[in-house]
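> My structure is below; once you've seen it, I'll send some questions.
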Amino acid sequence: MKSEGLTPAQLAERNAELPRITQEKAFHILERLETLATEEKISPEILVECSRVILRRKNDIARLTSGAPSVSVSPTLYCSFCNKSQHTVKKLIAGDNVFICNECVKDCNNIIQEEQRESA
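Its first residue numbered -6, the sequence shown is counted upward by one per residue in our numbering.
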């Protein structure tokens, strides 16, 4: 999993600095996240995106206070059919406010071919 432009060495260094949590605390956090997702009627993928926003915000604040140049972050795009992100598929094709990934195109082609075989 890629983390906001960090190299593997930088990611390992950052993770080494993070405090470790107990198994009990991990279960508690997971239960709270599941409750939040249920109450807000959102998918786990949306929770992941929210976590990415938190990371970006933290990185943006660090960038602002260090005097480093600003970096524009584009929103993550999702396939309109399977909801996979652009980062988990090989290709995401854009239409007018819709997107389709290479995997869904393949599935569509298979469905069309099967229907053509059945009607022949």
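Idealized CB from N, CA, C, for every residue including glycine.
Please read these numbers as outputs of a predicted model, since none were measured by experiment.
Would you tell me roughly how many angstroms separate the C-alpha atoms of Ala55 and Ile39, rounded to the nearest one?
Walking along the sequence shown from the start, residue 55 turns up at place 62. Walking along the sequence shown from the start, residue 39 turns up at place 46. The alpha-carbon of Ala55 is positioned some 24 Å away from that of Ile39.
> Since Ala92 and Ser67 should fall inside the 8 Å C-beta cutoff, what is the C-beta to C-beta distance between them, to a whole number of angstroms?
By 1-based counting over the sequence shown, the position of residue 92 is 99. By 1-based counting over the sequence shown, the position of residue 67 is 74. One detail in the question is off: residue 92 reads as Phe in this sequence, not Ala. Between Ser67 and Phe92 the Cβ distance is about 13 Å, and since that is not below 8 Å, they are no contact.
> I'd like to know whether the C-beta atoms of Val82 and Asn95 end up nearer to each other than 8 Å.
What you label residue 82 is simply residue 89 of the sequence shown in a count that begins at 1. What you label residue 95 is simply residue 102 of the sequence shown in a count that begins at 1. In contact: Val82 and Asn95 (Cβ atoms closer than 8 Å).
> In three-state DSSP terms, what is Ala30?
Translated into the one-based positions of the sequence shown, residue 30 becomes position 37. Of the three classes helix, strand and coil, the one that applies to Ala30 here is helix, per DSSP.
> When you compare each of Thr58, Arg45, Asp53, Leu57 to Thr69 by their alpha carbons, which one comes out closest?
For this step, residue 69 is matched to residue 76 along the sequence shown. Residue Arg45 is the option with its Cα nearest to Thr69.
> Identify whether Ser44 lies in helix, strand or coil by the three-state DSSP scheme.
Locating residue 44 in the sequence shown gives position 51, where the first residue counts as 1. Three-state result, Ser44: helix.
> Roughly how far, in whole angstroms, is the beta-carbon of Cys75 from the beta-carbon of Cys97, given that I think they are within contact range, below 8 Å?
Taking the first residue of the sequence shown as position 1, residue 75 is located at position 82. Taking the first residue of the sequence shown as position 1, residue 97 is located at position 104. So it is a contact: roughly 5 Å between Cβ atoms.
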